[in-house]
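Written below as structure tokens is the structure these notes are about.
In full-length UniProt numbering, the protein residues as written are 1 to 899.
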């Protein structure tokens, strides 16, 4: 299938292409006293999103409520919902700018937005809450005013052409927000209520943040479209001096994926580059100095984070060529040395490294010396290629690696080198498809050269504005191909403004970004007292006198230099006075620097995965508090490892009469043998067992429990965890749930994940589940121990266990076997399957289950643990099970997609 002709996301009502998704492009929003009604205009106008302002619920209605007297707001899209002190707010797009088209799909930039409160007034807030709520609204407004949010109703901007073209057809039938690359969806947190509700998920409009420019050109009677898309990552997003380096998850600051797109009549090409901060632990916090001290953190495990970062990058992009443009001396030199040290110690054959001291090599505005760097890397650029596919869908070439460029900020020097690489690749593409001759370059065509240079200079300015607060430096070279005096003056102005923004405004800006992305979530109790709100602390007004004093003293000093006094002695005295005042004020300012610098107030909350453990017990025994079933042990161990542990229960089945008699006879035979056929003991035993069965039948499980009831209970538990876990643990991440389970619990969890009908019925998205850890489970209810159903061991298992399971008459026991639902080309979470060395014969079933997962191309790991069926969980913290368990979770905490 070709993106050019066929890969459009058309209406789901189109019979020819019903599997494609579509987001409405126009709405009317009716603001009523009790509700907000959103009506999609056009083909989808027969359904209405109704938000109850009092109960804070969202529902889809088939009829339009009475909207007489409502305020009507035309909107172009829904950004999402955020909770502030006064309650939830709906954020919508009120106007947009058309940027251009990619393959016939219109691309837009957000122009204006509106933040609409659920609450009709703020009378329920005290004076502190009113003040802090307004401040939070100001933070959101600052983020939304950056004017660098882009979207499309029909094209997935979060993925490169290569990822889109090489994905399966089913991928394109998934709602935008579910299939979007979460690294680049800036309103993912704001859209949670939409993405968690299958009935309205199709209205969720993903936004990317970065830069997009698209232009149409005509060269040698050949028309083509040229565009650049830069996608800023949401991980470690923030401002220049507050967000540096790497974190424990391998995420780096200022990570940007930049894609250059060339679209001809019969072919489309894409070339991808990345940038990101030096991948080690380092900081450079503002302290009023022009260049704050760079500190490489000595205590952190740099290598572990370095490896995580590049493992993820290889998963997305293939081979990596790292270009470091930092200085080789001073603080940058130490940082560069650490980078090279980590590269050499990693011994990663997929990595290459080139450090080029940009400032030294190009000193005196000798930017022509960049040819030295290009000469070293062009062979690898040719080897990595670019992505191209023809009109008929034929893949002509695929990009197998990327250049990852960085300087200290990943801005100015990085922009220059990325532009050179993009220019060379574009020339190769234009030459290959006979747009220009092989002896010609982009510079041979003035209009093409002008368009190319300005797009890349605008890209540089925009990315710099988003990270540093000002336009980029050195863009005169990008725009004209040479450095100029005016360019140097512009760089001086931008450098001065960076200093001001980074020291006195970026704390507030960083807080706005963290609030927008959900790194900080506001409590409804916040602000009742000043101490309960982190933004209550402000810079003391007395310190604002300092810059005013310096400005006045400097002005008076200049005046006294220019205007002569009655005597030379008096003039010198005045100059010395004002000069000493400047020096003393500067000195006091630097002493008080930590009180003057605007620092972020909203501390980021680390989002931890949630591990939901489902205990076993043969479907008839066990609960979340039963130590004999291992649930509490698993939960406590998860908490000690820094994760969120949740242990759930479900309704238990009655012990069937067949199973009860089988257990009674087996135990009775042992007792009889011991008692040497004592009739008194036999009579007492029969009476006791009859009482036990009556207790089970009439008290313990009073109503029959079907397998469906157990599965429904687990779905209800997962929905509750997803919706309410943050009330109990604010640092939990409901989008990263791992299912841990044992024995019968492993059977139920595997069935839930593989037979998706249960999740669908309860409106729970499988995308919330990152992985399943199945321990000593049952995956085939009729023959778990041997292939033959008539095998004596299988018969005994069914007699003792499977007969306890009740199900509707129209179904069979085998319909509840998870192994039956493993299918190729279906997306399911990764599995970790563990068996005990002494596992009642169930290790046979586990191996067969694992083999089928592997043959159907699904991700699965399998281990045998030196334990019994019971102690694999009750002694969880002592045996090897916990090692495999946490290794699996840490590996799959973030989903990885190939380019």
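Heads up, the beta-carbon is just placed ideally off N, CA and C, and yes, glycines get one too. Since this is a predicted model, take the numbers as computed values, not measurements.
Self-check item: Neighbourhood of residue 333 by C-beta, 8 Å cutoff - its chain only, sequence neighbours within 5 removed
Solution: Closer than 8 Å at the Cβ level, and outside the excluded window around residue 333, lie 326, 327.
Self-check item: CA-to-CA distance, residue 584 to residue 574, given in whole angstroms
Solution: The C-alpha of residue 584 is placed about 15 Å away from the C-alpha of residue 574.
Quiz prompt | Element boundaries [beta strand (DSSP E), containing residue 274] | solution = From DSSP, the beta strand (DSSP E) with residue 274 extends over 267-275.
Quiz item: Looking at the unbroken beta strand (DSSP E) that takes in residue 482, where does it start and where does it end?
Solution: Where residue 482 is concerned, there is no enclosing beta strand (DSSP E), given that its DSSP letter is neither H nor E.
Quiz prompt | Within 8 Å, strictly: CB atoms of residue 128 and residue 67 | solution = No. Outside cutoff.
Quiz prompt | Start-to-end residues for the beta strand (DSSP E) that takes in residue 867 | solution = For residue 867, the enclosing beta strand (DSSP E) has its first and last residue at 860-868.
Quiz item: Which word fits residue 104, buried or exposed, when buried means at least 16 other C-beta atoms lie within 10 angstroms of its C-beta?
Solution: The C-beta of residue 104 has fewer than 16 other C-beta atoms within 10 Å across all chains shown, which makes the residue exposed.
Quiz item: For residue 674, does the three-state DSSP call read helix, strand or coil?
Solution: At residue 674 the pLDDT is 49, less than 50, meaning the model places this residue with poor confidence; the figure from the coordinates comes in the next sentence. Helix, per DSSP.
Practice problem: Mind reading off the beta-carbon distance from residue 121 to residue 84? Whole number of angstroms is fine, and I expect it under 8 Å. | Solution: Taking 8 Å as the upper bound for CB-CB distance, residue 121 and residue 84 are not in contact here, some 14 Å apart.
Quiz item: For residue 339, which option in 290, 314, 280 has the closest C-alpha, if you only look at C-alpha atoms?
Solution: Measuring from the Cα of residue 339, the nearest candidate turns out to be 280.
Exercise. May I ask you to report which of helix, strand or coil DSSP gives residue 886?
Key: Shown here, residue 886 sits in a helix according to DSSP, grouped into three states.
Practice problem: Work out the CA separation of residue 813 and residue 668 for me, nearest whole Å. | Solution: Low confidence applies to residue 668: its pLDDT is 49, below 50, so where it sits in the model is not reliable enough to give any reading.
Quiz item: Do the stretch 484-501 and the stretch 516-530 touch if we need at least three Cβ pairs shorter than 8 Å?
Solution: No: the two stretches stay apart, fewer than three of their Cβ pairs being nearer than 8 Å.
Practice problem: Please name the residue in 317, 228, 383 whose C-alpha comes closest to that of residue 455. | Solution: Per the Cα distances, 228.
Quiz prompt | For residue 225: DSSP bridge partner residues | solution = Residue 225 is bridged to 216, 263.
Quiz item: What are the partner residues of residue 50, as DSSP defines its beta bridges?
Solution: Bridge partners of residue 50: 37, 59.
Quiz item: Which residues in the same chain as residue 361 place their Cβ atom closer than 7 Å to its Cβ, once the five residues preceding and following it in sequence are excluded?
Solution: Correct list, in chain order: 369, 372.
Quiz item: Do residue 253 and residue 244 have their C-beta atoms within less than 8 Å of each other?
Solution: Yes, these two residues count as a Cβ contact at 8 Å.
Quiz item: In angstroms, rounded to a whole number, what distance separates the CA positions of residue 317 and residue 391?
Solution: Near 24 Å, if we compare the C-alpha coordinates of residue 391 and residue 317.
Exercise. Note down the Cα distance separating residue 251 from residue 618, rounded to an integer number of angstroms.
Key: Roughly 43 Å separates the two Cα atoms.
Quiz prompt | Complete runs of the alpha helix (DSSP H) confined to the stretch 529-589 [at least 4 residues] | solution = DSSP runs (the alpha helix (DSSP H)) wholly in the stretch 529-589: 545-562.
Exercise. From the DSSP output, in three-state form, read off residue 334 for me.
Key: Three-state result, residue 334: helix.
Self-check item: Selected residue, minimal CA-CA separation from residue 652, among 47, 744, 570
Solution: Comparing Cα-Cα distances from residue 652 to each of 47, 744, 570, the minimum goes to 744.
Quiz item: Where does residue 882 land, buried or exposed, given buried means 16+ other C-beta within 10 angstroms?
Solution: Burial state of residue 882 is buried, judged by a 10 Å Cβ sphere holding 16 or more other Cβ atoms.
Quiz item: How big is the Cα-Cα spacing for residue 235 and residue 516?
Solution: In a straight line, the C-alpha of residue 235 is about 13 Å away from that of residue 516.
Exercise. Report the three-state DSSP secondary structure of residue 234 (helix, strand or coil).
Key: The three-state secondary structure of residue 234, taken from DSSP, is coil.
Quiz item: So what's residue 113 in DSSP terms, helix, strand or just coil?
Solution: Residue state for residue 113 is assigned as strand, using DSSP reduced to three classes.
Practice problem: Would you decide whether residue 761 is buried or exposed? Buried here means 16 or more other CB atoms lie within 10 Å of its CB. | Solution: The residue in question, residue 761, is exposed, as its Cβ has fewer than 16 Cβ neighbours within 10 Å.
Quiz item: When the Cα atoms are used, what is the spatial distance from residue 222 to residue 468?
Solution: Taking C-alpha positions only, residue 222 is separated from residue 468 by approximately 39 Å.
Quiz item: Skipping 5 residues on each side, what residues in its chain have a beta carbon closer than 7 Å to that of residue 471?
Solution: Around residue 471, the same chain offers 461, 464, 465, 494 as residues with beta carbons nearer than 7 Å, after the five sequence neighbours per side are excluded.
Quiz item: With burial defined as no fewer than 16 other Cβ atoms inside 10 Å of the residue's Cβ, what is the status of residue 303: buried or exposed?
Solution: Around the beta-carbon of residue 303, fewer than 16 other beta-carbon atoms lie within 10 Å, marking it exposed.
Self-check item: Buried versus exposed call for residue 382 [16 or more other C-beta atoms within 10 Å across all chains shown]
Solution: That one is exposed.
Exercise. Could you say which of 421, 441, 38 lies nearest to residue 430 if we only look at CA atoms?
Key: Nearest C-alpha to residue 430: 441.
Practice problem: Kindly say whether residue 268, judged by its beta-carbon, lies nearer than 8 Å to any beta-carbon of chain C. | Solution: As a matter of chain content, chain C is missing from the structure shown, which is built from one protein chain.
Exercise. Tell whether a beta-carbon distance below 8 Å holds between residue 983 and residue 759.
Key: Shown here, the chain extends from 1 to 899; a query on residue 983 therefore has no answer.
Quiz item: Looking only at its own chain, which residues have a Cβ that is under 6 Å from the Cβ of residue 435, when we skip the five neighbours before and after it?
Solution: Listed in chain order, the non-local C-beta contacts of residue 435 below 6 Å within the same chain comprise 219, 222, local neighbours out to five positions each way being set aside.
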